[in-house]
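Residue numbers (the working numbering): 520 to 651.
For glycine and all other residues, C-beta sits at the position ideal for the given N, C-alpha and C.
These numbers were taken from a predicted model, which means no experiment stands behind them.
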């Protein structure tokens, strides 16, 4: 398998997070593919996104977005009992609140996940291309 087209982006600040947010715009996420590993302080999002960085908007890629040093997670308008429900990711925002950061994943239907962290460390890593 040819992996040279697959991306890995690491964000440690607002500019890096904006790049990851742009790459993930309109990505599809299933509710059961949102995982918080509390002991490891890691929040994982498995997503199906479009290859926007190579202007191949028709090409879909399976990717993992990993948020590290996550101390708490809050969700709004996401029914976790509907595990196969699809969410569409619109943006990832960052707000500094005193000595903490709040990273918000904003989905369709006014659904939001807010991650509380002291350090911004986010990785977007492509897994494989999706062949329709």
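Between the Cα of residue i and the Cα atoms of the options, which residue gives the shortest distance?
i           : options               : result
residue 589 : 620, 549 and 539      : 620
residue 542 : 581, 557, 562 and 549 : 581
residue 584 : 594, 593 and 608      : 608
residue 614 : 597, 599, 604 and 636 : 636
residue 564 : 540, 554 and 617      : 554
Under three-state DSSP, which class holds residue i?
i           : result
residue 652 : Within the shown structure, residues of the chain are numbered from 520 to 651, placing residue 652 beyond reach of any answer.
residue 638 : coil
residue 552 : helix
residue 608 : strand
residue 525 : coil
residue 599 : coil
residue 648 : strand
residue 537 : helix
residue 630 : coil
Taking 8 angstroms as the cut-off, does the CB of residue i come closer than this to any heavy atom belonging to the ligand SAM?
i           : result
residue 586 : Among the ligands in the structure shown, none appear at all, so the ligand SAM cannot be discussed.
Between residue i and the rest of its own chain, which residues show a CB-CB distance below 6 angstroms, the 5 nearest in sequence each way excluded?
i           : result
residue 638 : 588
residue 593 : 633
Since residue i and residue j are thought to touch, with beta carbons under 8 angstroms apart, how far apart are those beta carbons, to the nearest angstrom?
i           : j           : result
residue 551 : residue 625 : No, residue 551 and residue 625 are not in contact; Cβ-Cβ is about 19 angstroms, not under 8 angstroms.
residue 597 : residue 632 : 7 angstroms
residue 540 : residue 611 : 4 angstroms
For residue i, which residues in the same chain have their Cβ closer than 8 angstroms to its Cβ, ignoring the five residues on either side in sequence?
i           : result
residue 599 : 550
residue 546 : 566, 567, 568, 569, 582, 607 and 608
Excluding the 5 residues preceding and the 5 following residue i in the sequence, name in chain order all residues of the same chain whose CB lies nearer than 7 angstroms to its CB.
i           : result
residue 649 : 567, 579, 580 and 581
State whether the region 526 to 534 contacts the region 633 to 647, with contact taken as three or more CB pairs (one from each stretch) at a distance under 8 angstroms.
yes
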